[in-house]
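> Can you keep this structure in mind? I'll have questions shortly.
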Amino acid sequence: MSYKIGELIASGKTKLVYSLDNPSLVLLKFKDDVTALDGKKRDVIVGKGVLNAGISAKLFQLLKESNIDNHYVEMYDPTSLVVEKLEMIPVEVVCRNIATGSIVKRLPISEGTVFDPPIVEFFLKDDARGDPMITESHMTALKLASKSEVEKIVEMALKANEVLKSFLASKGLTLIDFKLEFGRRNGRIIIGDELDPDCMRIRDTSTGRILDKDLYRKGATLEEVKRAYEEVYRRIVEA
Ligand SMILES: Nc1ncnc2c1ncn2[C@@H]1O[C@H](COP(=O)(O)OP(=O)(O)O)[C@@H](O)[C@H]1O
Ligand SMILES: [Mg+2]
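Numbering (my numbering), first residue to last: 27 to 265.
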């Protein structure tokens, strides 16, 4: 399909959203920017946009094949995806299989604890407030989503986790945790945004090597971060 790119609708920390001549679709362009600490730390890794767009496209397709509704339509060019335009819910939905990161600082849980069943958490997207954790009651009280929508979100996050976890395992990768963003289209809850090493913690199963944005958070060089993303791309997109 060919599309005519229109105006810039939104510009976030790592992606740009453009209108398309089909009003039910938008173009999601992945930038080379990398950010952490709610945007306070930021750099550019040339080529990261291509890697994340390709990885996201592959993983969204995988979820589609398992009938998990998401916004992916097709790849437009190496850094951009055509996606369904969603009314985004400003909440980060985190699914955790193994404890690391903020949860081991917040709660008396030691690093590496396995969660079975996995944990689902919600964080309000509000950089000024440091993205506070919220509960299902806050989701409804703040009118972010209805009770049945929250139930649907949890169900979809857990289903996506199972599909992603087993796919990544088949590539020798361990899915520690990941973040999803959801939106609505015609009253339906749909997964939007991205699915790549910026929002997933992935380790090499045999060596434990970190292959995601944790490297950047921990102060690795930009070259090391890029090499890790390239490794994920090689294993899941090119394989
Ligand atoms: N399918 C979609 N339709 C409309 N907006 C979307 C869609 N998928 C993602 N977005 C939005 O694109 C914007 C840019 O993404 P990003 O750079 O990651 O922003 P942020 O800085 O908020 O993390 C975000 O506001 C995100 O919610
Ligand atoms: Mg984002």
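Cβ coordinates follow ideal geometry from the N, Cα and C atoms, glycine included.
With DSSP run on the structure shown, which of helix, strand or coil describes D142?
Note: D142 maps to strand in three-state DSSP.
> For the stretch 93–129, list the beta strand (DSSP E) runs that are entirely contained and at least 3 residues long, ordered along the chain.
You should have 98–103, 106–110, 117–124.
> Got a list of residues with beta-carbon closer than 7 angstroms to any non-hydrogen atom of ligand 2, in chain order?
Result (chain order): G38, K39, T40, K41, D219, E220.
> Could you tell me which uninterrupted beta strand (DSSP E) segments, each at least 3 residues in length, are contained entirely in the stretch 174–261, listed from first to last along the chain?
Whole beta strand (DSSP E) segments, 3+ residues: 199–211, 214–218, 226–230.
> Regarding V43 and ligand 1, is the C-beta to nearest heavy atom distance less than 8 angstroms?
For ligand 1, at least one heavy atom lies less than 8 angstroms from the Cβ of V43.
> For ligand 1, any of its heavy atoms closer than 8 angstroms to the Cβ of G80?
G80: no, Cβ never under 8 angstroms from ligand 1.
> Would a C-beta distance cut-off of 9 angstroms place R122 and P144 closer than the cut-off?
Cβ atoms of R122 and P144: closer than 9 angstroms.
> Rounded to whole angstroms, how far is the Cβ of T105 from the Cβ of V76, which I believe are closer than 8 angstroms?
Yes, T105 and V76 are in contact; Cβ-Cβ is about 6 angstroms, under 8 angstroms.
> Relative to the C-alpha of T40, which residue among Y259, M226, K57 is closest?
Of the candidates Y259, M226, K57, the one whose C-alpha sits nearest the C-alpha of T40 is K57.
> Smallest Cα separation from S28: which of K244, S174, L107?
Among K244, S174, L107, the Cα nearest to that of S28 belongs to L107.
> Looking at I217: is its Cβ nearer than 9 angstroms to the Cβ of V258?
Cβ distance not < 9 angstroms, so I217 and V258 don't count as in contact.
> At a threshold of 8 angstroms, does P116 count as lining ligand 1 (C-beta to nearest heavy atom)?
Yes, the Cβ of P116 comes within 8 angstroms of a heavy atom of ligand 1.
> Taking the beta strand (DSSP E) that A36 falls in, what are its first and last residues?
Looking at the DSSP string, the run of the beta strand (DSSP E) that includes A36 is 31–37.
> State the start and end residues of the unbroken beta strand (DSSP E) segment that holds A62.
Unbroken beta strand (DSSP E) run through A62: 59–62.
> Quick check on the burial criterion: 16 or more other C-beta atoms within 10 angstroms. Buried or exposed for P134?
P134 is exposed by the Cβ-count criterion.
> With a threshold of 16 other CB atoms inside 10 Å of the CB of A167, please say whether the residue is buried or exposed.
A167 is exposed by the Cβ-count criterion.
> Between which residues of its own chain and Q87 is the CB-CB distance below 8 angstroms, once the five residues before and five after are set aside?
The answer, listed in chain order, is Y98.
> Is it buried or exposed for L199, if we count other Cβ within 10 angstroms and need 16 for buried?
Burial call: buried.
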